Every structure is written in C-alpha cells, then in structure tokens.
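Student:
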Amino acid sequence: MSYPAMPRRSLVAVLAASLSLTACGGMPEGEPSAGEPIPEDVGTASKALVVPVATLICTRPVGGSLGCVASASGGVAPYTFYWGQQTYRYDTNKVYTSLFNPGTTLRGYGCYAPTETFPGDTSIKPKVYVVDSTGAQSSTVVHPDWVPCS
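Numbers -25 to -1, 1 to 125, taken from mature numbering (1 follows the signal peptide of the UniProt record, and there is no 0), label the letters of the sequence shown in order.
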C-alpha cells in the first residue's frame, strides 16, 4: 500500500512510534487517549487570557500639529503600541494606507490646520493597535473623523 501524500520519512516515524507504544503495552496509565475528553481543570492558570483593548484620543491645539495619545487595558502589561494612518490626498482623490510602526503611547503628526495661506492638501485618520507581553493583539482603533492637514 503506498501513501503518496505523506513523505516516506514521516511515515516511518509514525509507524515506529505506533510500534513502540504497542510493544510497551500502550499508553501509560493516567494519560488521556486521543478519544478521551480532557478534564476542565487542565490548563488553568493564575491569569486569564484577555485580549488587550486600545483607545485613541487625538487633538490639535490652535496653531499646533495633530497629536494622539493611545492607552491600553486588559491583557498583560507591558504593551507595545503600533501606529499607522490613512491619508486622503485631494489631488489624486485616493486614500493611501501606511504600514504600522512600533512606538510609545504618544504619536505626533505633522498635520497643521489648513489656512488661507496654506490650504489643505490631505486629510488623515490616525490608527493604532497594541500587543501585550503575551503576544495578544487588540483590534485596530481608527480615529473616527478625517483630520484636514496643510
């Protein structure tokens, strides 16, 4: 009988493991077999696995550039913050999406309010997500409004 989907070495390893279990009398006592349910208390830990939640607040003071502050809750600290943005360009009438870059809780954007002297040429939507120390990732939070920039 041939087994085309399984490499020959893998097949030999599986057969060898099966034969050694059979030769030794099967599975050790107390070990659940593949068909037995695992007791519910197995795998409990002192901390429950909770996905972190990110929040985002952005402000632009009069005459200043846009700044954003992110925070995280849930999960296991410390957190790494990953920042990105969507940019709408007026000249192309298209939205461009940046890659995410690691950073701190603060992110400054060179986005000043348009004026008569310096009219707007883009609008942006900052976005952020966090990863906790266990590697659990939050959902991405996107600023709800387009922020015009000159």
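Ideal Cβ placement from N, Cα and C applies to all residues, glycine included. Owing to the predicted nature of the structure, the values given are computational and were not obtained by experimental measurement.
Below 8 Å, can you find three or more Cβ-Cβ pairs linking the stretch 81 to 88 to the stretch 30 to 45?
Tutor: Output reads yes: the stretch 30 to 45 touches the stretch 81 to 88.
Student: Give every residue of the same chain whose Cβ lies closer than 6 Å to the Cβ of Tyr57, excluding the five residues on either side of it in the sequence, and list them in chain order.
Tutor: The sequence position of residue 57 within the sequence shown is 82, counting from 1. Cβ within range, chain order: Phe75, Pro77 and Tyr104.
Student: Is any heavy atom of the ligand NAD found at a distance shorter than 7 Å from the C-beta of Gly85?
Tutor: This structure simply doesn't include the ligand NAD, nor any ligand for that matter.
Student: Whole-angstrom Cβ separation of Gln60 and Pro101, contact assumed at under 8 Å?
Tutor: Here residue 60 is taken as the residue at index 85 of the sequence shown, counted from 1. Here residue 101 is taken as the residue at index 126 of the sequence shown, counted from 1. About 5 Å separates the two Cβ atoms, so the contact holds.
Student: If you count every other CB in all the chains shown that lies within 10 Å of the CB of Ser114, and 16 or more means buried, which is it?
Tutor: Here the question's residue 114 lines up with position 139 in the sequence shown. Flag for Ser114 reads exposed.
Student: Could you please give me the residues that DSSP links to Thr62 through a beta bridge?
Tutor: As a working mapping, residue 62 is identified with position 87 in the sequence shown. DSSP lists Tyr71 and Ile99 as partners of Thr62.
Student: Is Arg35 near Val117, with beta carbons less than 8 Å apart?
Tutor: Counting from 1 along the sequence shown, the entry for residue 35 is found at position 60. Counting from 1 along the sequence shown, the entry for residue 117 is found at position 142. No; because the gap between Cβ atoms is not below 8 Å, this pair is not in contact.
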